[in-house]
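Okay, structure first, notes after.
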Amino acid sequence: MKWLADWLELDADGVYAIDGILDAKALWQIVGLPGYDRLKDAEWPPQTPRDLLDAEDLWETIRDRDVLISLPYESFEPVVRLIREAADDPNVLAIKQTLYRTSGDSPIIEALERAGQNGKEVTVLVELKARFDEARNVQWARRLEDAGCHVVYGVARYKTHAKALLIVRREADRIRRYVHLSTGNYNDSTAKLYSDIGLMTSHSEIASDVAAFFNLVTGYSEAVGWKRLTVEPKQLRERFIELIERERQLSTPEQPGLIMAKCNALQDKEVCEALYRASQAGVRIRLNIRGICCLRPGVPGLSENIEVRSIVDRFLEHARIFYFHNGGHEEVYLSSADWMMRNLERRLETIFPVLDPDQAQRLIGMLKIYFADNVKAWRLLPDGTYERVPREGEPIRAQEYFYREAVRAARDADRAALRYKPLKTPEE
Numbered sequence: 201m202k203w204l205a206d207w208l209e210l211d212a213d214g215v216y217a218i219d220g221i222l223d224a225k226a227l228w229q230i231v232g233l234p235g236y237d238r239l240k241d242a243e244w245p246p247q248t249p250r251d252l253l254d255a256e257d258l259w260e261t262i263r264d265r266d267v268l269i270s271l272p273y274e275s276f277e278p279v280v281r282l283i284r285e286a287a288d289d290p291n292v293l294a295i296k297q298t299l300y301r302t303s304g305d306s307p308i309i310e311a312l313e314r315a316g317q318n319g320k321e322v323t324v325l326v327e328l329k330a331r332f333d334e335a336r337n338v339q340w341a342r343r344l345e346d347a348g349c350h351v352v353y354g355v356a357r358y359k360t361h362a363k364a365l366l367i368v369r370r371e372a373d374r375i376r377r378y379v380h381l382s383t384g385n386y387n388d389s390t391a392k393l394y395s396d397i398g399l400m401t402s403h404s405e406i407a408s409d410v411a412a413f414f415n416l417v418t419g420y421s422e423a424v425g426w427k428r429l430t431v432e433p434k435q436l437r438e439r440f441i442e443l444i445e446r447e448r449q450l451s452t453p454e455q456p457g458l459i460m461a462k463c464n465a466l467q468d469k470e471v472c473e474a475l476y477r478a479s480q481a482g483v484r485i486r487l488n489i490r491g492i493c494c495l496r497p498g499v500p501g502l503s504e505n506i507e508v509r510s511i512v513d514r515f516l517e518h519a520r521i522f523y524f525h526n527g528g529h530e531e532v533y534l535s536s537a538d539w540m541m542r543n544l545e546r547r548l549e550t551i552f553p554v555l556d557p558d559q560a561q562r563l564i565g566m567l568k569i570y571f572a573d574n575v576k577a578w579r580l581l582p583d584g585t586y587e588r589v590p591r592e593g594e595p596i597r598a599q600e601y602f603y604r605e606a607v608r609a610a611r612d613a614d615r616a617a618l619r620y621k622p623l624k625t626p627e628e
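Following our numbering, the residues of the sequence shown are numbered contiguously, the last one being 628.
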């Protein structure tokens, strides 16, 4: 303490001792002081998602194509809008959603309340075991019940960490299901601070699986044969290891396999062992692990084909993206789960495929940019220590790149909208 006070040139009146941990939120008062703009990050307001730049009707857009949203570079507002429109749409019959963490003044809670008051069938799984948010989630649950919503307080013995939304809508030709799945929470506040990926789709098999998931967690049915999703504890690990083992088996000297994965933590022993086996078979493995990593890369004879990097920048890296070369038939998955024992054994999660080829390629491109970062990236060494990635060649900062791409897409759409259509006939 004396060294720190001397280094900061503080006298005795400038140092205070407190009992317990300092509440870091109090530091926001310092951030708000005038005169320090040069020390602050430039504002990066979220942009309209590129898949929704020309979308006037959300239902029609999601019917026509899958929509990918890359937070926080693109706005979370369309997710809120989807729930709000569902709450007021007379053709919407039911809304089902999981809530793990949400914001203090949540527009999603407000929309679900309104849907219940409008007489729609609203089912919400509110996870009471969400660490640090238990009391708030109880309050949300009571509000939703008062509005006429059916609330499920989690599932016995397991924590529900999946992020899922299902909307059932009556349309001219049929009853159609609309789905939103995400790697992150339904929280409009953290959506501005965390990097996550969300997917809106009406794909029939994914929608069928999401409906079955809600039947499972609400007690209306037992587990079914899943078509596209993996959700159940232990099956999650089995699925990931199955994908890693397939890559190992398909890898040849002429066409070596490739796995790229991005998640928050790698701690599960069985996943680590599967990655080691794949590396020994010649599979190149590129991992972007934000936090704890129990795997040692670059160890001769064990993991020389594995590299581990971590991005530490202005936004918290939270997305879980998994790529498998699969003998040239590339597959990309998103998930709410990290490669941790708690996620793979004691939680209900989602692993879901990105089926649209363009969206899959977009995510592959994002993974490549993460591994090209030489400004905010660190790499894990075989001895367990980290070092900065050398700044060689053109500087690439992944988060800045993604934001500039979002701005460019929005700007290009604005320019396209300014084009004028000539009138070819008097009737026009």
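The C-beta atom is built at its ideal place from N, Cα and C for all residues, glycine as well.
Item to check | Rounded C-alpha distance that separates R374 from T401 | outcome: By one-based count along the sequence shown, residue 374 stands at place 174. By one-based count along the sequence shown, residue 401 stands at place 201. So the two alpha carbons sit approximately 16 Å from each other.
Checklist entry - Do you know whose CA, among V532, R377, Y236 and A609, lies nearest L293's CA? => result As a working mapping, residue 293 is identified with position 93 in the sequence shown. With distances taken between Cα atoms, L293 lies closest to R377.
Item to check | Own chain residues within Cβ distance below 7 Å of A560, not counting five before or after | outcome: Taking the sequence shown and counting its residues from 1, one reaches residue 560 at position 360. The residues are E530, V532 and V554.
Item to check | Per-residue DSSP class, three states only, for Q561 | outcome: Counting from one through the sequence shown, the residue named residue 561 turns up at place 361. Reduced to three states, the DSSP call for Q561 is helix.
Next on the checklist: Using a Cβ distance threshold of 8 Å, determine whether the region 341-349 contacts the region 300-308, with at least three qualifying pairs required.
Outcome noted: no
Next on the checklist: On the DSSP letters alone, give me the boundaries of the alpha helix (DSSP H) that C472 sits inside.
Outcome noted: As a first step, residue 472 is located in the sequence shown; it is residue number 272 there, counting from the start. Taken as a continuous stretch (DSSP letters only), the alpha helix (DSSP H) holding C472 covers K469 to Q480.
Checklist entry - Among A412, S395, A372 and A347, which one has its Cα closest to the Cα of V379? => result For the purposes of this step, residue 379 is taken as the residue at position 179 of the sequence shown. Of the candidates A412, S395, A372 and A347, the one whose C-alpha sits nearest the C-alpha of V379 is A412.
Item to check | Of the residues W259, L253, R301 and W203, the one placed nearest E371, counting alpha carbons only | outcome: Counting from 1 along the sequence shown, the entry for residue 371 is found at position 171. Ranking W259, L253, R301 and W203 by Cα distance to E371 puts W259 first.
Item to check | Of the listed residues K462, V471, Y353 and E405, nearest to G419 (C-alpha basis) | outcome: As a first step, residue 419 is located in the sequence shown; it is residue number 219 there, counting from the start. Selected option, being the one with the closest Cα: Y353.
Checklist entry - Since R448 is in the alpha helix (DSSP H), which residue starts that stretch and which ends it? => result In the sequence shown, residue 448 corresponds to position 248, counting from 1. Element bounds for R448: Q435 to L450.
Next on the checklist: By alpha-carbon positions, which one of L416, I367 and E256 ends up nearest to K629?
Outcome noted: As displayed, the chain neither begins before 201 nor continues past 628, which places residue 629 out of reach and without an answer.
Next on the checklist: Using CA atoms only, rank isn't needed, just tell me which of V338, I569 and D251 is closest to R597.
Outcome noted: Translated into positions along the sequence shown, residue 597 becomes position 397. Taking only the C-alpha atoms, the option nearest R597 is I569.
Checklist entry - Quick one: Cα of E438 to Cα of G501, how far? => result Locating residue 438 in the sequence shown gives position 238, where the first residue counts as 1. Locating residue 501 in the sequence shown gives position 301, where the first residue counts as 1. Answer to the nearest angstrom: the Cα atoms are 25 Å apart.
Checklist entry - Where do the ends of the alpha helix (DSSP H) carrying F414 lie? => result The residue you call residue 414 lines up with position 214 of the sequence shown. Run containing F414: S404 to V417, per the alpha helix (DSSP H) assignment.
Next on the checklist: Could you pull the DSSP bridge partners for H350 from this structure?
Outcome noted: Counting from 1 along the sequence shown, the entry for residue 350 is found at position 150. H350 pairs with T323.
Item to check | Range covered by the beta strand (DSSP E) that runs through M400 | outcome: Counting from one through the sequence shown, the residue named residue 400 turns up at place 200. Its beta strand (DSSP E) spans residues Y394 to T401.
Checklist entry - Rounded to the nearest angstrom, how far is the Cβ of S510 from that of W578, given a contact under 8 Å? => result Counting from one through the sequence shown, the residue named residue 510 turns up at place 310. Counting from one through the sequence shown, the residue named residue 578 turns up at place 378. Indeed, because the Cβ distance is near 5 Å, the residues count as touching under 8 Å.
Item to check | Cβ neighbour criterion (16 or more within 10 Å) applied to Y476 | outcome: Counting from 1 along the sequence shown, the entry for residue 476 is found at position 276. Classification of Y476: buried, given that the 10 Å Cβ count is 16 or more.
Checklist entry - Cβ atoms of A481 and E459: under 8 Å apart, would you say? => result As a working note, residue 459 is residue 259 in the sequence shown. As a working note, residue 481 is residue 281 in the sequence shown. Contrary to the premise, residue 459 reads as Ile rather than Glu in this sequence. No, these two residues do not count as a Cβ contact at 8 Å.
Checklist entry - Rounded C-beta distance between F276 and A391? I'm assuming under 8 Å. => result Working through the sequence shown from its first residue, we reach residue 276 at position 76. Working through the sequence shown from its first residue, we reach residue 391 at position 191. Indeed they touch by this definition, with Cβ atoms about 4 Å apart.
Item to check | Proximity below 8 Å, CB of I397 to CB of I262 | outcome: What you label residue 397 is simply residue 197 of the sequence shown in a count that begins at 1. What you label residue 262 is simply residue 62 of the sequence shown in a count that begins at 1. No; because the gap between Cβ atoms is not below 8 Å, this pair is not in contact.
Checklist entry - Roughly how many whole angstroms lie between the Cα atoms of S389 and S451? => result As a first step, residue 389 is located in the sequence shown; it is residue number 189 there, counting from the start. As a first step, residue 451 is located in the sequence shown; it is residue number 251 there, counting from the start. One C-alpha to the other measures close to 43 Å.
Checklist entry - When you compare each of G348, A205, V322 and I489 to F414 by their alpha carbons, which one comes out closest? => result If you number the sequence shown from 1, residue 414 lands on position 214. The residue with the shortest Cα to Cα distance from F414 is V322.
Item to check | N- and C-terminal bounds of the beta strand (DSSP E) containing T298 | outcome: Taking the sequence shown and counting its residues from 1, one reaches residue 298 at position 98. Note, T298: beta strand (DSSP E), V292 to L299.
Next on the checklist: Between S536 and K427, how many whole angstroms is the CB-CB distance? I'm expecting something under 8 Å.
Outcome noted: Taking the first residue of the sequence shown as 1, we reach residue 536 at position 336. Taking the first residue of the sequence shown as 1, we reach residue 427 at position 227. Not quite, the Cβ-Cβ distance comes to about 18 Å (not below 8 Å), so this is no contact.
Checklist entry - How many angstroms separate the CA atom of D327 from the CA atom of R496? => result Counting from 1 along the sequence shown, the entry for residue 327 is found at position 127. Counting from 1 along the sequence shown, the entry for residue 496 is found at position 296. The sequence given here has Glu at residue 327, not Asp. So the two alpha carbons sit approximately 34 Å from each other.
Checklist entry - When the distance is taken between beta carbons, is I489 closer than 8 Å to V508? => result Counting from 1 along the sequence shown, the entry for residue 508 is found at position 308. Counting from 1 along the sequence shown, the entry for residue 489 is found at position 289. Yes, Cβ-Cβ distance for V508 and I489 is below 8 Å.
Checklist entry - Is A347 near A311, with beta carbons less than 8 Å apart? => result Here residue 347 refers to the residue found at position 147 when the sequence shown is read from its first residue. Here residue 311 refers to the residue found at position 111 when the sequence shown is read from its first residue. No.
Checklist entry - Would DSSP call Y216 helix, strand or coil? => result Along the sequence shown, read from residue 1 onward, the residue named residue 216 stands at position 16. In this structure, Y216 counts as coil in the three-state DSSP scheme.
Next on the checklist: If contacts are defined as beta-carbon pairs under 8 Å, then W244 and Y601 qualify, I think. What distance do you get, rounded to the angstrom?
Outcome noted: Within the sequence shown, residue 244 is the residue found at index 44, counting from 1. Within the sequence shown, residue 601 is the residue found at index 401, counting from 1. Their Cβ separation, rounded to whole angstroms, is 12 Å, which puts W244 and Y601 out of contact at 8 Å.
Checklist entry - Quick one: Cα of T383 to Cα of D206, how far? => result Here residue 383 is taken as the residue at index 183 of the sequence shown, counted from 1. Here residue 206 is taken as the residue at index 6 of the sequence shown, counted from 1. The straight-line gap from Cα to Cα measures roughly 45 Å.
Checklist entry - If you draw a straight line from the C-alpha of G491 to the C-alpha of N291, how long is it? => result Translated into the one-based positions of the sequence shown, residue 491 becomes position 291. Translated into the one-based positions of the sequence shown, residue 291 becomes position 91. Distance between the alpha carbons of G491 and N291 is about 44 Å.
Checklist entry - What residue does the alpha helix (DSSP H) around W426 start on, and which one ends it? => result As a first step, residue 426 is located in the sequence shown; it is residue number 226 there, counting from the start. Counting along the chain, W426 falls outside any alpha helix (DSSP H), and DSSP gives it neither H nor E.
Item to check | Of the residues G457, D513 and D583, the one placed nearest S395, counting alpha carbons only | outcome: Here residue 395 corresponds to residue number 195 of the sequence shown, with the count starting at 1. The candidate whose alpha carbon is nearest that of S395 is D513.
Item to check | Proximity winner among A315, D251 and T430, relative to D556 (alpha-carbon distances) | outcome: Here residue 556 refers to the residue found at position 356 when the sequence shown is read from its first residue. Selected option, being the one with the closest Cα: D251.
Item to check | Separation of L393 from I506, as counted between CA atoms | outcome: For this step, residue 506 is matched to residue 306 along the sequence shown. For this step, residue 393 is matched to residue 193 along the sequence shown. Cα to Cα, I506 sits roughly 29 Å from L393.
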